[in-house]
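In the numbering used here, the protein residues as written are 832 to 1428.
Taking it in order: structure first as structure tokens, then the write-up.
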Amino acid sequence: MEPGPEEKAREQWDHPLQFVFACISYAVGLGNVWRFPYLCQMYGGGSFLVPYLIMLIVEGMPLLYLELAVGQRMRQGSIGAWRTISPYLGGVGVASVVVSFFLGMYYNVVNTWGFWYLFHSFQDPLPWSVCPLNGNRTGYDEECEKASSTQYFWYRKTLNISPSIQESGAVQWEPALCLVLAWMMVYLCILRGPETTGKVAYITALVPYGVLIIYLVRGLTLHGATNGLLYMFTPKVEELANPRAWINAATQVFFSLGLGFGSLIALASYNEPSNNCQRHTIVVSLINSATSIFASVVTFSIYGFKATFNYEDCLNKVILLLTNSFDLEDGFLTASNLEQVKGYLASTYPSKYSEVFPLLENCSLESELDTAVQGTGLAFIVYTEAIKSMDVSQLWSVLYFFMLLLLGVGSMLGNMMGILTPLTDSEVISSHLPKEAISGLLCLVNCAIGLLFTMEAGSYWFDIFNDYAATLSLLLIVLVEAIAVCYVYGLRRFGAELEAMTGRALNWYWKVMWAFVSPLLIISLFLFYLADYILSGTLQYQAWDATQGQLVTKDYPAYALAIIGLLVASSTMCIPLVALGTFVMHQCTKGDGASKA
832 MEPGPEEKAR
842 EQWDHPLQFV
852 FACISYAVGL
862 GNVWRFPYLC
872 QMYGGGSFLV
882 PYLIMLIVEG
892 MPLLYLELAV
902 GQRMRQGSIG
912 AWRTISPYLG
922 GVGVASVVVS
932 FFLGMYYNVV
942 NTWGFWYLFH
952 SFQDPLPWSV
962 CPLNGNRTGY
972 DEECEKASST
982 QYFWYRKTLN
992 ISPSIQESGA
1002 VQWEPALCLV
1012 LAWMMVYLCI
1022 LRGPETTGKV
1032 AYITALVPYG
1042 VLIIYLVRGL
1052 TLHGATNGLL
1062 YMFTPKVEEL
1072 ANPRAWINAA
1082 TQVFFSLGLG
1092 FGSLIALASY
1102 NEPSNNCQRH
1112 TIVVSLINSA
1122 TSIFASVVTF
1132 SIYGFKATFN
1142 YEDCLNKVIL
1152 LLTNSFDLED
1162 GFLTASNLEQ
1172 VKGYLASTYP
1182 SKYSEVFPLL
1192 ENCSLESELD
1202 TAVQGTGLAF
1212 IVYTEAIKSM
1222 DVSQLWSVLY
1232 FFMLLLLGVG
1242 SMLGNMMGIL
1252 TPLTDSEVIS
1262 SHLPKEAISG
1272 LLCLVNCAIG
1282 LLFTMEAGSY
1292 WFDIFNDYAA
1302 TLSLLLIVLV
1312 EAIAVCYVYG
1322 LRRFGAELEA
1332 MTGRALNWYW
1342 KVMWAFVSPL
1352 LIISLFLFYL
1362 ADYILSGTLQ
1372 YQAWDATQGQ
1382 LVTKDYPAYA
1392 LAIIGLLVAS
1402 STMCIPLVAL
1412 GTFVMHQCTK
1422 GDGASKA
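Structure (structure tokens):
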């Protein structure tokens, strides 16, 4: 099928590899590093790979191919592409842009924290490795001692967090400067659309793998790394009967590939019409999943080192306590004979041992490995705690946060393309503003709103956006996309156009997945999350209690609940509202035509 005049004039990638690397850079992000390992930890280690790979085949690959095929066929951003499929479906593209805008507002804050930690990684010792002195310089800060030096640096020095979401506090100027720097970097990378993004994608897609390989080599040589790897790869088969394992596997595949944001449609729209998007779908899907597993190996080797370090530190404290309490000779009590000696002391000195026993810590390597942490807790607390115990810790810290920055920036580039492409496709906007100005205004608006997340209560708002701004909306968007292609535009028609465009027939697998299996899975996920929100009752959040040095659970205030509802409604309602507006306009046009006649 020959492209039309508009298609010939459209900007394209300089090389097909730029598109592949842009997709990989967008899809492979922080979720591969800090959520997939958490899910493996929560749902049976190696056995979690079974539902994950099944969901990749029946949900991830088909929906990824659907979006890439739509973008390449329609050669427009999300709004134009869905409006071409049906004038009533323009709201699907609008909803994608709204969700991408929400994501851009808060996601770049992670890069802000990455810059903050990277700048502090050049200090010796690392600032999160020790607790600061108290005001009287008579000892360590009480809050830090109750928590830990890594938690203290995160909650007090980085976030300067307030006790609750109601106490907003002021904008923290140092994180605010890091936010400006993060947005300046994004702006330079998206300055001229695919012309600049395609070149940057080589770096953001490839360099993180180099860092991961270095970390893998280092991780495997750490004391206790094998404990973490055994924990990861030892399957707990009973978890396969846990429905939440399958639901979380489907969710991880869905969000890890970045479906529904309009970014994949935008990236594919700059392809040659004859591009083999089916092959690229399989390549991107497999690389994304392989990266998740690879990153988990790295994470669990580091995690095993941290757990072993904490376990042995706990044993040493117990040994010291027992040695001093019972006046034992130095070296008499060791980690290897601890249990036997404890039994001997308990039987020989029962009354004295009963006094000391409550003071003994419950040391368990298994409990250390069972401590599941995801998101910012894994990236900025668990990893930093492990890094501070490594030799040449500054080097490993710089490498780690440099990698996080590249992963975050790569995802941001794809996300911003999902917004910019529909804007630059619009003749109304592009005829008045050059591409550089559109990119600049978008980054400026996002940066200004993003200052909200640098306030003392900013991390609470970050969690709200992270938890509620996209989940239900994206599921609804992708569901409508699948229905639109299969039942509005017509699966047979779309398949014929793909074959004419690429020279490859659409096989039965894609047809069955698009028309039946994937939509049913999305509906199941949507109903699960909707029921989970309803049945959970009052929505709650984790607030930092400085007096206890730990997180406590609090209820969201009424205005926060209202904003959560607004976040969900503002994107999902775009679909019916635009359809209704289009219908009214058509009716008015018909009425005007009839009156003129």
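Quick reminder that beta carbons are idealized off the backbone N, C-alpha and C, glycines included.
If you scan the region 1295 to 1343 from start to end, which runs of the alpha helix (DSSP H) of 4 or more residues do you find wholly inside it?
Counting whole runs of 4 or more residues, the region 1295 to 1343 contains the alpha helix (DSSP H) stretches 1302 to 1314, 1322 to 1333, 1339 to 1343.
If contacts are defined as beta-carbon pairs under 8 Å, then isoleucine 996 and tyrosine 1372 qualify, I think. What distance do you get, rounded to the angstrom?
7 Å
Valine 1002 bridges to which residues according to DSSP?
Met1286
So, does the region 1128 to 1137 touch the region 933 to 948, judging by three or more C-beta pairs under 8 Å?
no
So, with DSSP's three-state summary, where would you put threonine 1202?
coil
Quick one: any contact between the region 894 to 911 and the region 1099 to 1112, if contact means 3 or more CB pairs under 8 Å?
yes
Can you give me the Cβ contacts of tyrosine 1062 inside the same chain, cut-off strictly under 6 Å, excluding the 5 residues immediately before and after it?
Leu1200, listed in sequence order.
Leucine 1370 to leucine 1392, Cα distance in whole Å?
8 Å
So, are the CB atoms of leucine 957 and serine 1228 less than 8 Å apart?
yes
With distances taken from CA atoms, which of Gln982, Met1286, Ile1406 is nearest serine 917?
Considering only alpha carbons, the answer is Ile1406.
From Asn1106, Val1316, Leu1088, pick the residue whose C-alpha is nearest to that of serine 1120; which is it?
Leu1088
With distances taken from CA atoms, which of Gly922, Gly860, Glu890, Gln843 is nearest valine 1038?
Gly860
Below 8 Å between beta carbons: does that hold for glutamate 1287 and glutamate 973?
no
Per DSSP, alanine 1374 forms a beta bridge with which residues?
Val1383
Beta-carbon within less than 8 Å of valine 851's beta-carbon, same chain only, minus the 5 sequence neighbours each way: which residues are those?
His1111, Val1114, Val1115
Assuming contact is defined by CB atoms lying nearer than 8 Å, are cysteine 1274 and tyrosine 1018 in contact in what I supplied?
Yes, Cβ-Cβ distance for cysteine 1274 and tyrosine 1018 is below 8 Å.
What is the DSSP secondary structure of tyrosine 1180, counted as helix, strand or coil?
coil
Using the Cβ count rule (16 or more neighbours within 10 Å means buried), how would you classify tryptophan 1345?
With 16 or more other Cβ atoms inside 10 Å of its own Cβ, tryptophan 1345 counts as buried.
Does the CB of valine 881 have a neighbour CB from chain B at under 8 Å?
Reference to chain B is not applicable here, since this structure consists of a single protein chain.
Beta-carbon within less than 6 Å of tyrosine 1184's beta-carbon, same chain only, minus the 5 sequence neighbours each way: which residues are those?
Leu1176, Ala1177
For the 8 Å Cβ check, are there 3 or more pairs between the region 1328 to 1342 and the region 1375 to 1387?
no
For leucine 899, name the three-state secondary structure that DSSP assigns.
helix
Could you tell me the distance, in whole angstroms, from the CA atom of alanine 1210 to the CA atom of serine 1262?
Rounded to whole angstroms, alanine 1210 to serine 1262 spans 43 Å at the Cα level.
Taking 6 Å as the limit between beta carbons, can you name the residues of its chain near lysine 1421, skipping five residues before and five after?
none
If you check the beta carbons only, do cysteine 854 and leucine 1095 fall under 8 Å apart?
Yes, the Cβ-Cβ distance between cysteine 854 and leucine 1095 is below 8 Å.
Does DSSP classify tyrosine 874 as helix, strand or coil?
coil
Mind pulling the alpha helix (DSSP H) runs of 4 or more residues that sit fully within the region 1232 to 1265?
1258 to 1261
Give every residue of the same chain whose Cβ lies closer than 6 Å to the Cβ of leucine 1051, excluding the five residues on either side of it in the sequence, and list them in chain order.
Around leucine 1051: Ser1132.
From threonine 1065 to alanine 1400, what distance separates their C-alpha atoms?
42 Å
In this structure, how does DSSP classify lysine 839 when only helix, strand and coil are distinguished?
For lysine 839, the predicted model reports a pLDDT of 45, less than 50, meaning its position is unreliable; a value from the coordinates is still stated below. Of the three classes helix, strand and coil, the one that applies to lysine 839 here is helix, per DSSP.
Look at the alpha carbon of lysine 1137 and the alpha carbon of leucine 1238, and state the distance between them as a whole number of angstroms.
24 Å
Can you tell me which of Leu894, Leu1397, Leu1382 puts its alpha carbon nearest to the alpha carbon of alanine 1389?
Put simply, of Leu894, Leu1397, Leu1382 the residue whose alpha carbon is nearest the alpha carbon of alanine 1389 is Leu1397.
Here's the rule: buried if 16 or more other CB atoms are within 10 angstroms of the residue's CB, otherwise exposed. What is leucine 1356?
buried
For alanine 1126 versus valine 864, is the C-beta distance shorter than 8 Å?
yes
Assuming the contact rule is C-beta atoms closer than 8 Å, glycine 1249 and valine 1011 should be a hit. Round their C-beta distance to whole Å, please.
Distance from glycine 1249 to valine 1011 at the Cβ level is roughly 23 Å; contact not present, criterion being Cβ atoms closer than 8 Å.
Give me the Cβ distance between tyrosine 1299 and alanine 1080, rounded to the nearest whole Å; I'm assuming they're in contact under 8 Å.
In fact, because the Cβ distance is near 21 Å, the residues do not count as touching under 8 Å.
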